[in-house]
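**Student:** Heads up: the sequence shown runs through residues 1 to 159, numbered per this note's numbering.
All C-beta atoms, glycine included, are put in the ideal place defined by N, C-alpha and C.
These figures come from a predicted structure and were not determined experimentally.
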Amino acid sequence: MTQSHTIRVLIVEDDFLVGETVRGVLEDFGYQIIGRAMNGIQATEMTQALRPDVILMDLQMPDMDGIEATRRIQKSSPTPVVALTAYDTPELVEEASKAGVGAYLLKPPNGKELERAITIALARFDDMVELRRLNAELQDALEQVQTLSGLLPICSSCK
1 MTQSHTIRVL IVEDDFLVGE TVRGVLEDFG YQIIGRAMNG IQATEMTQAL RPDVILMDLQ
61 MPDMDGIEAT RRIQKSSPTP VVALTAYDTP ELVEEASKAG VGAYLLKPPN GKELERAITI
121 ALARFDDMVE LRRLNAELQD ALEQVQTLSG LLPICSSCK
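1) Give me whichever residues DSSP pairs with residue 57 in a beta bridge.
2) What does the alpha-carbon distance come out to for the pair residue 23 and residue 50?
3) Taking only the alpha-carbon atoms, compute the straight-line gap between residue 2 and residue 147 and give it to the nearest angstrom.
4) As a quick exercise: from 26, 124, 16, 11, pick the residue whose alpha carbon is nearest that of residue 36.
5) Quick check: what's the CA-CA separation for residue 144 versus residue 125?
6) To the nearest angstrom, report how far apart residue 9 and residue 79 are at their CA atoms.
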């Protein structure tokens, strides 16, 4: 890994063996696993409590699926999410993307695939944060221009 700090990962996977396999692969690549959730409800709670750098999210789980968990996480604690699923349908990919997933992996992934997906999700998330910041700056500038343009008629009559 070339990151300047250890990336903290929350694994959300209802299949214990898959979760442990992913944990081992990520630890071998130098990632720090800060928690394991078994469903979307636990994922939302653990994201609030642990503040991971990235979440590896299964999409098909009991109680709350990964799509809904991702939606809730992006509203309350925006965090990069990598979908990890056995399902590959265009509809699911689109739904995951709309929910806020930054990368999409099919099970079983290998270590390099996981590493690339995490790198991409983190980069896309950083891009989104920067775009939101720039958008807010532009909105502020537009409001200032509108305020100033409202003052111009007043100032033009001043002598």
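**Tutor:** Here's the rundown:
1) In DSSP, residue 57 forms a bridge with 12, 83.
2) One C-alpha to the other measures close to 17 Å.
3) Note that residue 2 has pLDDT 45, beneath the 50 cutoff, so the model's placement of it is unreliable and no number is given.
4) The option with the nearest alpha carbon to residue 36 is 11.
5) About 29 Å.
6) Rounded to the nearest angstrom, the gap between the Cα atoms of residue 9 and residue 79 is 11 Å.
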